[in-house]
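Asks:
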Amino acid sequence: MTLLELQTSLRNAIADASKKHFNMVPDHIAVEVPPKTELGDLAFPVAFELAKLIKQQTGEKQNPRAIAEKLKEAVEGLDYVDRVEIAGPGYLNIFYERAGFLIDNLEARSLPARSGAQNKVCVEHTSVNPNKAAHIGHVRNSVLGDTFQRILKATGKRVEVQNYIDNTGVQVADVVVGFMFIENMKLEAIKTLEKELTASGGSFDYYCWDLYARVGQAYHENEDLKKHRAEVLHRIEEGENETAELADYVATRNVECILKTMERFGIRYDLLPRESEILHLHFWDRAFEQMKKLGVIHYEAEGKNSGCWVMPFESHEGTDEHEADKILVRSNGTVTYTGKDIAYQMWKLGILGLDFHYKPFYTYENGQTAWITTPNEEEIAANAPDFGHGETVYNVIDTRQSYPQEIVKKGVAAIYPERGEAASVHLSYEMVALSPAAAEELGFSLSDDDRNRAFIEMSGRKGLGVKADDLLDRLEANAFAEVETRHPDADSNEKRHIAHQIAVGALRYFLLKFTRNTVIVFDFKEALSFEGETGCFCQYSAVRANSIFRKLEERGEDVAEIRSSLSETAKLRELFATEGSNEIWALLTLASRLEESVEQAARANEPAILAKYTFNLAKSFNLFYHNHKILPEPDPVRRALLISTADTVRRSLTAALDLMGIEVPDRM
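Structural data, given as structure tokens:
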């Protein structure tokens, strides 16, 4: 029985006792972990809640301690419960039977395998405009989405990971304007350029990054150039012309570059749905008809939105900006982003009645295939997986899109009342900015006003930002120098591999340790630190734990044989009864709470909960490692206890890091 299962068993027993003695049960039976193990392993404040309910429903006033006494009997006889105490004004404190729990869970998985059919959920993240290289802000989106989908899988969900490709948007149009009217290049010339860049070690997405910034500057200097933007955008949306073909090539090459970049961070996708297919397969037309039929939208015949089809929801603080988000079809007949998002969301949930055509697009190093949508029937693959049809859709989009996402959620809920607003979840997050020092370190010229700011916002249009590949290269170089200092005799390939693991771990943890709605001010020194709340510290703790078992193996000692000493139950109970054992037990129970932490992160849609748990486990293990001589311990039962504790920690720490996409190096 895992700790989470034991907690559920305790809750159920308390609920049954509440029903039996008081004929009522609180909606939620809260549980707390006491600050010290001496106070118990779990504390239930349920008696206070019951006292309130009794007073509300009967007018009778009851003492919470008296209520707790009646509930106490129901949990005292449960498995792994040693004793129950009533604390303070009525807390129900549970003390586990330590020896029995340890022995029965020596080889338990840190995350129990979940079996049984589960409805699919869809997680859409990254969704970078395919017009240039990805930057650190995009990486935050991707790391959040990738970690969250791993968390959902750990809770037993079937997960489909999507990366929406807006290949017909204005950002792609801007780069096309740059190629056509600044570089004066046609498609064949761009293809030649791409080959030359690849041959010389350059990168097409980097070239587009610089070109995009040049186009932004040129718009300020040349008003006529802006006219080309509208023309180009129209041709791209129309499709089947030279401009659309050029744009498709540019966007596709950038998508390939972005996928390679994200794979360096351990991030992969199942499907790349493209906006061009949403347009050409008339997804919006189908959604529009359904929405009109259901009365979800209405036509405005007069007023400022005259001629528009509008979602009739209450205003959001009355701002013009948010009012515009409710317009799904403009008076000129064009569909807004919100309208297209609703149609796409309907497809994800399997309620649109239309589907894409699919073809394989990219094969990852692990053999996984990323599929992409295609308009060409001759390219359609017969063996494509069944995409879409998710029970719940999670969209990782920055917090500035919160209101449009709310409109999408409400629109889909009106169309799909069976699931309602629960069908759509917006995983919002704040931006990643640069500290002024980091901006100057990257060679950006700052004014005096900029230097006095708390942070510098990145802007792809201005070319101000940290390219994801550059950042990882820089992190790897710094990590390599550290590894070389510590392990000068190691093979160079091994050192590079370890440096990569450290660099990815450092960045992923840095982006995960802050709650989603916290602005991250990126700083190189903080991200690369080997001390404090960092990925490197967590990795080092796991490496340190693994070293114990490597040494045992080198000595020819068998862990299973060492554990056999724990069968001396009486001696084990004596050890757990000593004052110094509380630290060991607290670490054991913390390591056993990974499943609970994962469940909390999934319920709260907050990966930072898992990151905080991982750091606390790493920190507690390091204290344990310093306080106890594990391998030299002469007493066989105590030694088995220490080694078993270290084994439980390393398995949980490795599993927690893996959920965050962080590998444990062989050495650091």
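Here our numbering runs 53 ahead of the position in the sequence shown, where the first position is 1.
Glycine included, C-beta positions come from ideal geometry on N, C-alpha and C.
Treat the numbers as computed from the prediction; the structure is a model and nothing was measured.
(1) Evaluate His681 with the Cβ neighbour count: other Cβ atoms within 10 Å of its Cβ, from every protein chain shown; 16 or more gives buried, anything less gives exposed.
(2) Where does Gln109 land, buried or exposed, given buried means 16+ other C-beta within 10 angstroms?
(3) Are there 16 or more other CB atoms within 10 angstroms of the CB of Gln45, so buried, or fewer, so exposed?
(4) Nearest to Arg656 by alpha carbon, out of Ile320, Leu59, Gly633 and Ala475?
(5) Can you look up Ala423 in the DSSP assignment and give me helix, strand or coil?
(6) Name the two residues that bound the continuous alpha helix (DSSP H) containing Ile120.
(7) Just checking my contact of Ala100 with Leu124 at CB under 8 Å: how many whole Å lie between their CB atoms?
(8) What is the DSSP secondary structure of Gln171, reduced to helix, strand or coil?
(9) Hey, Leu480 and Tyr447 are a contact pair by Cβ (cut 8 Å); roughly how many whole angstroms apart?
(10) Is the beta carbon of Ala552 closer than 8 Å to that of Ala532?
(11) Just to confirm before moving on: does the CB-CB distance between Arg646 and Leu56 stay below 8 Å?
(12) For Leu724, which of Leu240, Arg282, Thr90 and Ile468 has the nearest alpha-carbon?
(13) Note down, in chain order, each residue of its chain lying with its Cβ closer than 6 Å to the Cβ of Leu59, except the 5 sequence neighbours on either side.
(14) Can you tell me which of Leu499, Glu91, Ser697 and Leu106 puts its alpha carbon nearest to the alpha carbon of Asp80?
(15) Does the separation of the CB atoms of Asn570 and Tyr678 fall below 8 Å?
(16) Quick check on DSSP: helix, strand or coil for Leu324?
(17) Look at the Cβ atom of Glu395, then the Cβ atom of Tyr411, and state whether they are nearer than 8 Å.
(18) Can you tell me whether Tyr352 is helix, strand or coil according to DSSP?
(19) Suppose only complete runs of 4+ residues qualify. What are the alpha helix (DSSP H) ranges in the stretch 379-446, listed by chain order?
(20) Thinking just about the alpha-carbon of each residue, which of Thr221, Phe341 and Ser256 is nearest to the one in Glu293?
(21) Tell me where the beta strand (DSSP E) around Ser477 begins and ends.
(22) Return the chain-ordered list of same chain residues with a C-beta closer than 8 Å to the C-beta of Phe43, the five sequence neighbours on each side being excluded.
(23) Would you check if the stretch 202-220 and the stretch 242-251 touch, i.e. whether three or more CB-CB distances between them fall below 8 Å?
(24) Please name the residue or residues paired with Leu706 in a DSSP beta bridge.
(25) Would you call the stretch 81-97 in contact with the stretch 61-70, where contact means no fewer than 3 C-beta pairs closer than 8 Å?
(26) Thinking C-alpha only, which one of Leu103, Ser163, Phe75 and Val192 is nearest Leu525?
(27) How about the stretch 585-594 and the stretch 664-675: do they share at least three Cβ pairs that are nearer than 8 Å?
(28) Suppose the cutoff is 7 Å on Cβ atoms and the five residues either side in sequence are ignored; what does the same chain contact list for Gly371 look like?
(29) Would the beta-carbon of Leu103 fall within 8 Å of that of Phe75?
(30) Take Arg288 and list the residues in its own chain whose beta-carbon comes closer than 7 Å to its own, dropping the five residues that flank it on each side.
(31) Based on DSSP bridge pairs, tell me the residues matched to Arg136.
(32) If you drop the 5 nearest sequence neighbours on each side, which residues of the same chain put their C-beta closer than 8 Å to that of Asp301?
(33) Which value, in whole angstroms, describes the spacing of the CA atoms of Glu535 and Ala671?
(34) In whole angstroms, give me the CA-to-CA distance for Met158 and Thr61.
(35) So the candidates are Glu579, Ser195 and Asp227; which of them puts its Cα closest to the Cα of Asn184?
(36) Do Asp258 and Asn307 have their C-beta atoms within less than 8 Å of each other?
Replies: On the basis of the data shown:
(1) The count along the sequence shown starts at 1 and reaches residue 681 at position 628. By the neighbour-count rule (16 or more Cβ atoms within 10 Å), His681 is buried.
(2) Position 56 of the sequence shown, counting from 1, holds the residue named residue 109. Exposed: under 16 other Cβ atoms inside 10 Å.
(3) The structure shown does not extend to residue 45, since the chain spans only 54 to 721, so no value can be given for it.
(4) The count along the sequence shown starts at 1 and reaches residue 656 at position 603. It is Ala475.
(5) Locating residue 423 in the sequence shown gives position 370, counting from the first residue. The answer is strand: DSSP assigns Ala423 an E or B state.
(6) As a position in the sequence shown, residue 120 is number 67, starting the count at 1. Judged by DSSP secondary structure, Ile120 falls within the alpha helix (DSSP H) whose first and last residues are Pro117 to Glu129.
(7) As a position in the sequence shown, residue 100 is number 47, starting the count at 1. As a position in the sequence shown, residue 124 is number 71, starting the count at 1. That pair is a contact at about 7 Å.
(8) The count along the sequence shown starts at 1 and reaches residue 171 at position 118. Here Gln171 sits in coil by DSSP.
(9) Taking the sequence shown and counting its residues from 1, one reaches residue 480 at position 427. Taking the sequence shown and counting its residues from 1, one reaches residue 447 at position 394. Distance from Leu480 to Tyr447 at the Cβ level is roughly 6 Å; contact confirmed, criterion being Cβ atoms closer than 8 Å.
(10) By 1-based counting over the sequence shown, the position of residue 532 is 479. By 1-based counting over the sequence shown, the position of residue 552 is 499. At a Cβ-Cβ threshold of 8 Å, Ala532 and Ala552 count as neighbours.
(11) Here residue 646 corresponds to residue number 593 of the sequence shown, with the count starting at 1. Here residue 56 corresponds to residue number 3 of the sequence shown, with the count starting at 1. Going by C-beta atoms, Arg646 is nearer than 8 Å to Leu56.
(12) Past the edges of the chain, shown from 54 to 721, lies residue 724, and the structure says nothing about it.
(13) Locating residue 59 in the sequence shown gives position 6, where the first residue counts as 1. For Leu59, where only same-chain residues beyond five positions count, the Cβ hits under 6 Å are Tyr133.
(14) What you label residue 80 is simply residue 27 of the sequence shown in a count that begins at 1. The shortest Cα separation from Asp80 among Leu499, Glu91, Ser697 and Leu106 belongs to Leu106.
(15) Position 517 of the sequence shown, counting from 1, holds the residue named residue 570. Position 625 of the sequence shown, counting from 1, holds the residue named residue 678. In this structure, Tyr678 does not lie closer than 8 Å to Asn570 by Cβ.
(16) By 1-based counting over the sequence shown, the position of residue 324 is 271. Strand at Leu324.
(17) One-based indexing of the sequence shown puts residue 395 at position 342. One-based indexing of the sequence shown puts residue 411 at position 358. Glu is not the amino acid found at residue 395; the sequence shown has Ile there. No, the pair does not count as a contact, with Cβ atoms beyond the cut-off.
(18) Counting from 1 along the sequence shown, the entry for residue 352 is found at position 299. Strand, per DSSP.
(19) Runs found: 390-401.
(20) Taking the sequence shown and counting its residues from 1, one reaches residue 293 at position 240. When only C-alpha atoms are compared, the closest one is Thr221.
(21) Counting from one through the sequence shown, the residue named residue 477 turns up at place 424. DSSP places Ser477 in the uninterrupted beta strand (DSSP E) bounded by Ser477 to Leu480.
(22) Lying outside 54 to 721, the shown extent of the chain, residue 43 is not represented and no answer is given.
(23) Fewer than three beta-carbon pairs drawn from the stretch 242-251 and the stretch 202-220 are found closer than 8 Å, and the two stretches are therefore not classed as touching.
(24) Locating residue 706 in the sequence shown gives position 653, counting from the first residue. Leu706 is not bridged to any residue.
(25) Taking 8 Å as the limit for Cβ pairs, the verdict is that the stretch 61-70 does touch the stretch 81-97.
(26) Taking the sequence shown and counting its residues from 1, one reaches residue 525 at position 472. When C-alpha distances from Leu525 are compared across Leu103, Ser163, Phe75 and Val192, the shortest belongs to Val192.
(27) Segments in contact, yes.
(28) For the purposes of this step, residue 371 is taken as residue 318 along the sequence shown, with counting starting at 1. Confidence at Gly371 is low in this model, with a pLDDT of 45, below 50, so its placement is unreliable and no value can be given for it.
(29) In the sequence shown, the residue the question calls residue 103 occupies position 50. In the sequence shown, the residue the question calls residue 75 occupies position 22. Yes, the Cβ-Cβ distance between Leu103 and Phe75 is below 8 Å.
(30) For this step, residue 288 is matched to residue 235 along the sequence shown. Excluding positions up to five away in sequence, the list reads Asn294, Thr296 and Ala297.
(31) Taking the sequence shown and counting its residues from 1, one reaches residue 136 at position 83. The partner list for Arg136 (beta bridge, DSSP) reads Phe148.
(32) To locate residue 301, count along the sequence shown from 1; it is residue 248. Result list for Asp301: Asn220 and Ser329, in chain order.
(33) Here residue 535 corresponds to residue number 482 of the sequence shown, with the count starting at 1. Here residue 671 corresponds to residue number 618 of the sequence shown, with the count starting at 1. Between the alpha carbons of Glu535 and Ala671 lies a distance of about 21 Å.
(34) By 1-based counting over the sequence shown, the position of residue 158 is 105. By 1-based counting over the sequence shown, the position of residue 61 is 8. Looking at the sequence provided, one finds Asn at residue 158 rather than Met. Cα-Cα distance, rounded: 17 Å.
(35) Taking the sequence shown and counting its residues from 1, one reaches residue 184 at position 131. For Asn184, the nearest C-alpha among the options comes from Asp227.
(36) In the sequence shown, counting from the first residue as 1, residue 258 sits at position 205. In the sequence shown, counting from the first residue as 1, residue 307 sits at position 254. The answer is yes: Cβ separation under 8 Å.
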